[in-house]
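See structure below.
Residue numbers (my numbering): 21 to 324.
Below is the structure:
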């Protein structure tokens, strides 16, 4: 669904939607008698990937969006959609999911199991994460003068999936798809960092379109400045680094008065994303929208 169509749907039904559930926010925050942060995502199941790795990916993609708030979830709600003919493998998938929750001290508050046939479409259910903290980072904290930065590598997610299908000769740690390490470092900069956005489906270009809707600013990407932020195998395989899914990387906003100090003290490589009056540009030119190449790879891996 295009961002334009989604925005129109939200506007038509705003009376039935939490105000903080907007394009550009990876999570939704409800503030009333009790505060709560919510995130829900589908769980995937792919060929050539172990049940344990499938559980890790299903968790981490939802968790990435949640922890952009700067907090950790307290509870999970999971719909386990059991496959036909994969009972032993799916038991391993479920056990690993519980193991992940246990290690992170997240309790399963509610679950449902059933056989719906969705595994034929690569979907093994859904996971929702819930927490009861106030976000450290939020689109509501963005200031007009904020400066924006990219942290992390573009294309890591494509390399992970392609290595399973194309047998790329590459050593890749799936934990690099998680933004937890980045978020632990950013937590030390509360009050200086205002907003964090995960780079998943559609990569940097999709993320900046979403960010622009809450930042009130356009962006101009300078490709020369991104060279060190692109995974080498992405270039070798002629994949567009700007539109490929890049979980593990984030775009952040930093208060202008704190930006110079932040650049000097933050222990990871930063690339500043220059602002523009409106729209998304690459080297000063309007960027032609391209398909996320990860979709092609994932389609071959999933049960379709």
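For every residue, glycine included, the Cβ atom is placed at its ideal position computed from N, Cα and C.
Just so you know, these numbers come straight off a predicted model, no measurement behind them.
- In the DSSP assignment, residue 133 is bridged to 100.
- Annotation: the continuous beta strand (DSSP E) that includes residue 62 extends over 56-64.
- Per DSSP, residue 255 is one residue of the alpha helix (DSSP H) stretching across 252-256.
- For residue 150, the enclosing beta strand (DSSP E) has its first and last residue at 143-151.
- The beta-carbon distance between residue 42 and residue 170, rounded to whole angstroms, is 22 Å. This is too long to meet the 8 Å contact definition.
- Scanning the stretch 154-234 from its first residue to its last, the whole alpha helix (DSSP H) runs of 4-plus residues come out as 176-185, 200-206.
- Taking all protein chains shown into account, residue 217 has 16 or more neighbouring C-beta atoms within 10 Å of its C-beta and is therefore buried.
- Residue range 270-274 is occupied by the beta strand (DSSP E) that includes residue 273, with no alpha helix (DSSP H) assigned at that position.
- Taken through DSSP and simplified to helix, strand or coil, residue 299 comes out as coil.
- Within the same chain, Cβ atoms closer than 8 Å to the Cβ of residue 234 are found at 42, 43, 44, 45, 159, 162, 215, the five residues on either side in sequence being excluded.
- Of the candidates 254, 153, 200, 109, 254 places its Cα closest to the Cα of residue 190.
- Residue pairing for residue 305: DSSP places it in a beta bridge opposite 302.
- Residue 85 sits in a helix when the DSSP states are folded into three classes.
- The stretch 238-248 makes contact with the stretch 287-302: 3 or more CB pairs, one atom from each, lie closer than 8 Å.
- In chain order, 132, 145, 146 place their CB closer than 6 Å to the CB of residue 99, counting only its own chain and leaving out the 5 sequence neighbours on each side.
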